[in-house]
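To start, the structure itself, in C-alpha cells.
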Amino acid sequence: AGQLGGDNGLDILVTTPLRLVEALQAENSKVDLSHVRLVVLDEADRLLDATDGLLKAKHEGSKDSGSAHARSFVEQIDSLLNACGNGAIRAMFSATMGGRIRNLAETVLRNPVDIAINSHGGAIGANTDIDQKLVFVGREEGKLLEIRKLVNKGIKPPVLIFLQSQERAQALYKELRYENVNADVIHAKRSQKARDLAVQNFRKGDTWVLICTDLVARGVDFKAVNLVINYDLPASGVTYVHRIGRTGRAGRKGESITFFTEDDFDQLRSIANVLKISGCEVADWMLHLKKADQKSKKKLVPKKRKHIDSRK
C-alpha cells in the first residue's frame, strides 16, 4: 500500500475496488492508472451486482450497511475503468454469470470473447467434483439435531458452515462449543485481528470447523475444505454455487450438505436445479416446485428464522 502512487510504480496491483477508488480520490493523490494495460475482475458477478453489497451488509448486520463501504460495486468499477483509460484490456472471471449480470458486463467490455469451462449451456451449475446433498430437517430446531448427528457420525475436517447472519453464526458457534466441537466463527462484529487468527487456525488444522457468513467469507481463500454445510438455505442459486465452491478445488473431491425446512420450499427449486445440472441426485418433486416470482428474486432477502438455542 505504501508503494501506491510512489515514484517507482508497480507492475501488478491486487486490490479491492473501494480501496483503490479511495486512493484515487484522496487529497493530493499521486495514483495514476492511465498507463494500465490489463484490468482483471475476479468474481465478476459479485462485483457487478448493484444490490449485492447493500443487501448483504443489511441482512448480515454490518455497521457499514449505510456507509460508503456498502456502496454499489458497479459505481466503484465504473470509476476505476474510467481512470484506466480506453487502452486497457478488460477480463472478467466468475463461477457464475447470470443473464442480468452478463448484460451489465457487456456494457464495460468491448467485443468480448466468452470462454466457458464446464459450461452447463448458460444455466447455473456447480463443480461436478462436489457430492451435493439436500437434507430436509422439518423445522429450524431440526438443524441442530442434524448437526449433532453429523458430528457423532464423524466429519472429516476442515468443514465450513454457512449461515445468513452474524447473529445466527455466533449462536451456532456457542452451541457447537457447548458440544465440545473444535470450532470457531468469523463475522462482521469480530475484529479483523480475530477473524485473521480464526482463518489462520483453520488453515493450519488447529480449528476443524469454521462458521461464517457470505459477506465475511468473500475473498478469503480456504484451503482443502472437505465439507461445506449450508445451515441456512442460500437465497439464490448463485450464492449456493459460491458457497459450495469452497470445496472440490484443484481436482480434489468435496462434499456439500444443505439443510432446508418446510418454510424453504419457495426458494428450494433454484438450488435443486443446480444439483440436477451438476449431475447430482435430486428428488423430482423439488424440480416441480412453484417458481419464485421475479419480485422475490430481485430482493434476494434471507428468511426470518427462529433463534438458534437448544435450551429453549
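Residue numbers (UniProt numbering): 1 to 312.
Note that CB positions come from ideal geometry on N, CA and C, so glycine has one too.
*Pull up the distance between the alpha-carbon of residue 60 and that of residue 34, whole angstroms please.*
Position 60 of the sequence shown, counted from the start, is the residue given in the question as residue 60. Position 34 of the sequence shown, counted from the start, is the residue given in the question as residue 34. Confidence is the limiting factor: at residue 60 the pLDDT is only 49, short of 50, which leaves the residue's position unreliable, though a coordinate-based value still follows. The straight-line gap from Cα to Cα measures roughly 37 Å.
Query raised in the report: residue 265 by DSSP, collapsed to three states: which one?
Result: Residue mapping note: residue 265 aligns to position 265 of the sequence shown, counting from 1. DSSP places residue 265 in helix when its eight states are reduced to three.
- Item | Identity of the residues DSSP links to residue 256 by a beta bridge | Position 256 of the sequence shown holds residue 256. Paired residue(s): 132, 228.
Whose C-beta lies closer than 7 Å to the C-beta of residue 125 among residues of the same chain, with five residues either side of it excluded? Translated into the one-based positions of the sequence shown, residue 125 becomes position 125. Excluding positions up to five away in sequence, the list reads 274, 277, 278.
Next item on the list: Pick helix, strand or coil for residue 78, following the three-state DSSP scheme.
Entry: Here the question's residue 78 lines up with position 78 in the sequence shown. Note: residue 78 maps to helix in three-state DSSP.
Next on the checklist: Looking only at its chain, what residues have a beta carbon closer than 6 Å to the beta carbon of residue 305, apart from the 5 residues adjacent to it on each side?
Outcome noted: Residue numbering aside, residue 305 sits at position 305 when the sequence shown is read from its first letter. Same-chain partners within the cutoff: 140.
query = Whose C-beta lies closer than 7 Å to the C-beta of residue 244 among residues of the same chain, with five residues either side of it excluded?
reply = Counted from its first residue, the sequence shown places residue 244 at position 244. If the five residues before and after residue 244 are omitted, its C-beta is found closer than 7 Å to the C-beta atoms of 126, 130, 132, 228, 256, all from its own chain and listed in chain order.
Q. Between residue 84 and residue 113, which are expected to be in contact by the criterion C-beta below 8 Å, what is the C-beta distance as a whole number of angstroms?
A. Counting from 1 along the sequence shown, the entry for residue 84 is found at position 84. Counting from 1 along the sequence shown, the entry for residue 113 is found at position 113. Incorrect: roughly 19 Å between the Cβ atoms, too far for contact.
query = Is residue 254 buried or exposed, if buried means 16 or more other CB atoms sit within 10 Å of its CB?
reply = Here the question's residue 254 lines up with position 254 in the sequence shown. Here residue 254 is buried, its C-beta having at least 16 other C-beta atoms within 10 Å.
#### Entry: Distance between beta carbons of residue 146 and residue 308, contact taken as under 8 Å
For this step, residue 308 is matched to residue 308 along the sequence shown. For this step, residue 146 is matched to residue 146 along the sequence shown. Not really, about 13 Å apart at Cβ, beyond 8 Å.
Note to self: Going by C-alpha to C-alpha distance, which of 182, 79, 116 sits closest to residue 92?
What the structure shows: Start at 1 with the first residue of the sequence shown, and residue 92 comes out as number 92. For the residues 182, 79, 116, the minimum Cα distance to residue 92 belongs to 116.
| request: Mind checking who residue 213 pairs with in its DSSP beta bridge? | output: Locating residue 213 in the sequence shown gives position 213, counting from the first residue. Per the DSSP secondary-structure output, residue 213 pairs in a beta bridge with 163.
According to DSSP, is residue 315 part of a helix, a strand, or is it coil? Any property of residue 315 remains undetermined from this structure, which presents the chain solely from 1 to 312.
Exercise. Look up residue 202 in the DSSP assignment and say whether it is helix, strand or coil.
Key: The residue labelled residue 202 in the question sits at position 202 within the sequence shown. Correct three-state label for residue 202: helix.
- Query: Smallest Cα separation from residue 260: which of 242, 251, 231?
  - Reply: As a first step, residue 260 is located in the sequence shown; it is residue number 260 there, counting from the start. Residue 231 is the option with its Cα nearest to residue 260.
DSSP has residue 41 in a bridge; who is on the other side? Start at 1 with the first residue of the sequence shown, and residue 41 comes out as number 41. Beta-bridge pairing links residue 41 to 92.
Fill in: Pairwise C-alpha distance: residue 192 and residue 201
As a working mapping, residue 201 is identified with position 201 in the sequence shown. As a working mapping, residue 192 is identified with position 192 in the sequence shown. Each residue's Cα considered, the two are about 14 Å apart.
### Message
Under DSSP, the beta strand (DSSP E) around residue 185 begins and ends at which residues?
### Response
By one-based count along the sequence shown, residue 185 stands at place 185. Segment 183-186, the beta strand (DSSP E) holding residue 185.
Worksheet entry | Three-way DSSP call (helix, strand, coil) for residue 70 in this model | Residue numbering aside, residue 70 sits at position 70 when the sequence shown is read from its first letter. Only weak support exists for where residue 70 lies, its pLDDT of 42 falling under 50; the value from the coordinates is given anyway. Note: residue 70 maps to helix in three-state DSSP.
Checklist line | Secondary structure of residue 247, DSSP reduced to three states | finding: By 1-based counting over the sequence shown, the position of residue 247 is 247. Residue 247 falls in the strand class under three-state DSSP.
* On a CA-only basis, which of 222, 302, 11, 104 is nearest residue 205? Give me that one, please. => The count along the sequence shown starts at 1 and reaches residue 205 at position 205. Of the listed residues, the one whose Cα sits closest to residue 205 is 222.
request  = Measure the alpha-carbon distance for residue 88 versus residue 37 and round it to whole angstroms.
outcome  = Stepping through the sequence shown from its first residue, residue 88 is reached at position 88. Stepping through the sequence shown from its first residue, residue 37 is reached at position 37. Cα to Cα, residue 88 sits roughly 4 Å from residue 37.
| query | Residues in its own chain within less than 7 Å of residue 17 by CB, not counting five upstream and five downstream? | reply | The residue labelled residue 17 in the question sits at position 17 within the sequence shown. Taken in chain order, the residues that qualify are 47, 73, 76, 77, 80.
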